[in-house]
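Heads up: the structure comes next, in structure tokens.
Protein chains: 2
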Amino acid sequence: MRPIDALVSSLPDGRVVTDPDVIDSYARDRTFVAPGKPLAAVLAGSRDDVVATLRWASEHRVPVVPRGAGTGLAGGATAGDGAVILSLARMDQIRELAPADEIAVAEPGVITADLDRAARQHGLMYAPDPSSYEISTIGGNLATNAGGLRCVKYGVTRDSALGLEVVLADGRILNTGRRTMKGVTGYDLTGLFVGSEGTLGVITAATVRLRPVPAAPATFAAEFGSLRDAGAAVSAIMAAGCQPSLMELLDRATLEAIDDWRNIGLEAGTMAMLIGQSDASDGQAAAARMERLCLDNGATFVAVSSSPQETEELIGLRRMAYQAKERLGACLVEDVCVPRSVLPDMIGAIEAAAARHGVRICTVAHAGDGNLHPVFVFEHGTSEPPPEVWAAADEVFTRALELGGTLTGEHGVGVLKRRWLALETGPVAREVQHGIKAVFDPLNILNPGKAI
Amino acid sequence: MRPIDALVSSLPDGRVVTDPDVIDSYARDRTFVAPGKPLAAVLAGSRDDVVATLRWASEHRVPVVPRGAGTGLAGGATAGDGAVILSLARMDQIRELAPADEIAVAEPGVITADLDRAARQHGLMYAPDPSSYEISTIGGNLATNAGGLRCVKYGVTRDSALGLEVVLADGRILNTGRRTMKGVTGYDLTGLFVGSEGTLGVITAATVRLRPVPAAPATFAAEFGSLRDAGAAVSAIMAAGCQPSLMELLDRATLEAIDDWRNIGLEAGTMAMLIGQSDASDGQAAAARMERLCLDNGATFVAVSSSPQETEELIGLRRMAYQAKERLGACLVEDVCVPRSVLPDMIGAIEAAAARHGVRICTVAHAGDGNLHPVFVFEHGTSEPPPEVWAAADEVFTRALELGGTLTGEHGVGVLKRRWLALETGPVAREVQHGIKAVFDPLNILNPGKAI
């Protein structure tokens, strides 16, 4: 019997896909990274399916690439030659929702926004909201420790993860963490799995923290004649303790991309826009304070609104940014994060790199966190960015690290950031991380070559 | 040359203490756990001292017990026969305080409240505030992932730890994490070290997150005729999204202990007191909402105040609880944490265990987190609690786990909770944790026998 036949016979009917065209559609994420020729895709419907797949993979030493919805931006779910893809998308049940304890237990295939909506039926919310949250899954969010717009106030995915059910590489079940708000029994295995990009085990359920739905937000949008002024306004707002629930910065290039598409009436002198929200119970007052701080820091125009429709439009503008860029060309989406005080310097470095290498870079930032997404645009249809894009990206990463920053704030390393990994992670940390990897996955079958 | 002479000669003068009486004072924490006969205590003054000590210990296979201020409540810093105690108390410099980035870099010996005070010079605060924060150190807080009163709003120590400098068992330096608010490069080693009770490495500096100082708090105190009513009020307050910055529950036995000492005029029918705060910008309104919810849930008396002096008195009452109990006898301080909805059930189970075994148990709770500290009081001068205390504790832990809780919310496992560890941590998790331990400390010299 061929190994693949043993896999098919160990799983319920219809779980294993071997049609190369279908496999190919499961072998990619949202990046341009080209996959290899995987052996098969398993569409897991239960924890038992995951166990059977991993036992088989261990026995036959076959690499396994776990995936959620494939919305990743770092090539973390790209599958190579001979690998088996393990899709968790069909494991999409919310196993439990306990409003009084403000927790939910969700399977990895639950769409992030669906979990949020289910919580809202009970006056609660699931806070993490990566830009892709209408199509991304909880499992993928956990694998990358996804951030989002609200994380400036509510933290990243790790801050909402209390406990996990994980299938290890050899098929054993590991339960980590707890159902309680606090707990320090043993090492923090939950935190270790979150952000490990499928290299340590396959998450089959997560106990996550929910929070009471805050007040309807008050929103402001401010225009600035310089990026530096916008950066200064961000610093002032954060330092004043305004606790924005969202604080997004869009640069001129991004605004132009949106304007080209949707004609938003962009003014000639507008070099940056800041969109912020407060969902505090006195949010209107907080938004007014933030408006004042924008004006004090050189904003040329500020509008404050608490109308749901206007708020939706402003946030829609921000959520439109990535699609607007995809109209311009293929995109290398980067994700540097710097200490907040050097945000203007980092933006300056991005502009300089764009000019020096003749590359179009459009930047949006989760500015309250110092997390920037410079998007390097290049010609559609090319499978690999041209050398000038890599050169500009190299400059951006190098500068981010010089400024005390990190390569990736919320997207993960995947395969795209491996080339810069050694600049941030020293040899001792690398050795330790590979040691940890070997504890969980001694045969190195789980998403090999990713993350570390 | 004896091994100890090699240690002395590898360190600056005066770093190594060998007087048995002095060693003994460094061999204990705040519990009754009796130490053994350690070989020596090293009073480290620098990272180099830590490196030299660990290199020596690796060479000679000597167990090393790191310690901060010895305020631990689980025996985690208790030193056994032949061990070397490594005190980090003298490494007490705040290396950096960067207000614009809202971070500080602190050595492990910095007193927690001192870091908070230093931050407040710049309009910032260091949020974690274990009850011992005037005498505990940052290093000890990191080792146990300490919680505190404010963590109901601001999270535990792990939520404020961004990056660490660690000396590994073999003397190598490991840098983890980052200076930025977000970051997902590689596995979360920072989170792994926080709460690992000195078993994976010795932290010699921590980059921590600061936060803007919130508004002056509005405080309420509510008295209840039953613990169940108080528990219901807590649930209602949390569910209403009041976001208290503190939410402490004191049971009748605790109130009596305080009343015996300081005569607070305790009413006959008062079975529980709830003390809560809001530090929101509209805190007075939030406190009034919490007052209303207490009355709706059967409070017999509620007082709200925003006067700093009255606030100080109310919080002082809570901070007095532990000392009041120490007047009554020796204390076994426990630390179970349960899902918030079963807080009244857990309190009921504690009362039942006290009655069944004839043990005095006084309970305070960080009620907003479901984290209870039942304090088992027994005769002063006994080095070990009597069997009925262990029996009652056994019942309390078993019930906490049955209710979906955990053995320890914020104190750590140390040695005192090892006897119950297997009830919470399954065999796979145990094996994985020991595997991780072996990656960092293959010779098992770092605080052996603790935590896992």
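Protein sequence lines correspond, in order, to chains A and B.
Residues 76 to 527, numbered by our numbering, are exactly what the first sequence covers, in order.
Residues 76 to 527, numbered by our numbering, are exactly what the second sequence covers, in order.
Note that CB positions come from ideal geometry on N, CA and C, so glycine has one too.
Residue i vs residue j beta-carbon contact at 9 Å
| i | j | result |
| --- | --- | --- |
| residue 267(A) | residue 324(B) | no |
| residue 564(A) | residue 519(A) | With chain A represented from 76 up to 527, any question about residue 564(A) goes unanswered, as that position is not in the structure. |
| residue 418(B) | residue 440(B) | yes |
| residue 316(B) | residue 286(A) | yes |
| residue 500(A) | residue 412(A) | no |
| residue 296(B) | residue 437(B) | no |
| residue 165(A) | residue 215(A) | no |
| residue 299(A) | residue 222(A) | no |
| residue 218(A) | residue 129(A) | no |
| residue 303(A) | residue 350(A) | no |
| residue 532(A) | residue 93(A) | Outside the modelled stretch of chain A, which goes from 76 to 527, sits residue 532(A), for which no answer is possible. |
| residue 434(B) | residue 467(B) | yes |
| residue 241(A) | residue 184(A) | no |
| residue 291(A) | residue 354(A) | yes |
| residue 228(B) | residue 320(B) | yes |
| residue 445(B) | residue 257(A) | yes |
| residue 568(B) | residue 382(B) | In the structure as shown, chain B begins at 76 and stops at 527. Residue 568(B) is therefore absent and cannot be evaluated. |
| residue 281(A) | residue 236(A) | yes |
| residue 278(A) | residue 261(B) | no |
| residue 415(B) | residue 177(A) | yes |
| residue 264(B) | residue 508(A) | yes |
| residue 89(B) | residue 118(B) | yes |
Host alpha helix (DSSP H) of residue i (start-end)
| i | result |
| --- | --- |
| residue 138(B) | That residue, residue 138(B), is in no alpha helix (DSSP H); it is neither H nor E in DSSP. |
| residue 387(B) | 383-394 |
| residue 328(B) | 327-337 |
| residue 498(B) | 493-499 |
| residue 425(B) | 418-432 |
| residue 79(B) | 78-84 |
| residue 259(B) | Looking at the DSSP string, residue 259(B) is not in any alpha helix (DSSP H), and its letter there is neither H nor E. |
| residue 523(B) | Where residue 523(B) is concerned, there is no enclosing alpha helix (DSSP H), given that its DSSP letter is neither H nor E. |
| residue 403(A) | Counting along the chain, residue 403(A) falls outside any alpha helix (DSSP H), and DSSP gives it neither H nor E. |
| residue 502(A) | 502-515 |
| residue 264(B) | 264-268 |
Per DSSP, cross-strand counterpart(s) of residue i
| i | result |
| --- | --- |
| residue 352(B) | 294(B), 321(B) |
| residue 437(B) | 450(B) |
| residue 287(A) | 199(A) |
| residue 251(B) | 239(B) |
| residue 116(A) | 92(A), 160(A) |
| residue 410(A) | 483(A) |
| residue 278(A) | 241(A) |
| residue 299(A) | 347(A), 374(A) |
Contacting residues, own chain, Cβ-Cβ under 6 Å from residue i (five flanking each side not counted)
| i | result |
| --- | --- |
| residue 154(A) | 102, 110, 113, 140, 160 |
| residue 396(A) | 329, 439 |
| residue 168(A) | 182 |
| residue 194(B) | 200, 201, 285 |
| residue 365(A) | 295, 312, 317, 351 |
| residue 326(A) | 347, 438 |
| residue 534(B) | Only positions 76 to 527 of chain B appear in this structure, which leaves residue 534(B) out of reach. |
| residue 487(B) | 149, 151, 219, 272 |
| residue 301(B) | 346 |
| residue 422(A) | 302 |
| residue 432(A) | 463, 466, 467 |
Extent of the continuous beta strand (DSSP E) to which residue i belongs
| i | result |
| --- | --- |
| residue 457(B) | Segment: none, residue 457(B) is in no beta strand (DSSP E) and carries neither H nor E. |
| residue 376(B) | 374-380 |
| residue 161(B) | 159-162 |
Same chain only: Cβ atoms within 8 Å of residue i, ignoring 5 sequence neighbours per side
| i | result |
| --- | --- |
| residue 104(B) | 142, 145, 146, 147, 148, 149, 150, 151, 152, 153, 489 |
| residue 405(A) | 107, 452, 453, 454, 455, 456, 457, 460 |
| residue 211(B) | 143, 144, 146, 186, 187, 205, 221 |
| residue 79(A) | 91, 93, 114, 115 |
| residue 400(B) | 329, 332, 406, 437, 450, 452 |
| residue 339(A) | 330, 333, 392 |
| residue 133(B) | 244, 245, 246, 518, 520 |
Beta-carbon contacts of residue i that lie in its chain and below 7 Å, excluding the five residues immediately before and after
| i | result |
| --- | --- |
| residue 471(B) | 409, 411, 424, 425, 428, 449 |
| residue 492(A) | 149, 482, 483 |
Output the residue ranges of the beta strand (DSSP E) runs that lie fully inside the region 168-226 of chain A and measure 3 residues or longer, sorted by chain position.
-> 169-173, 178-181
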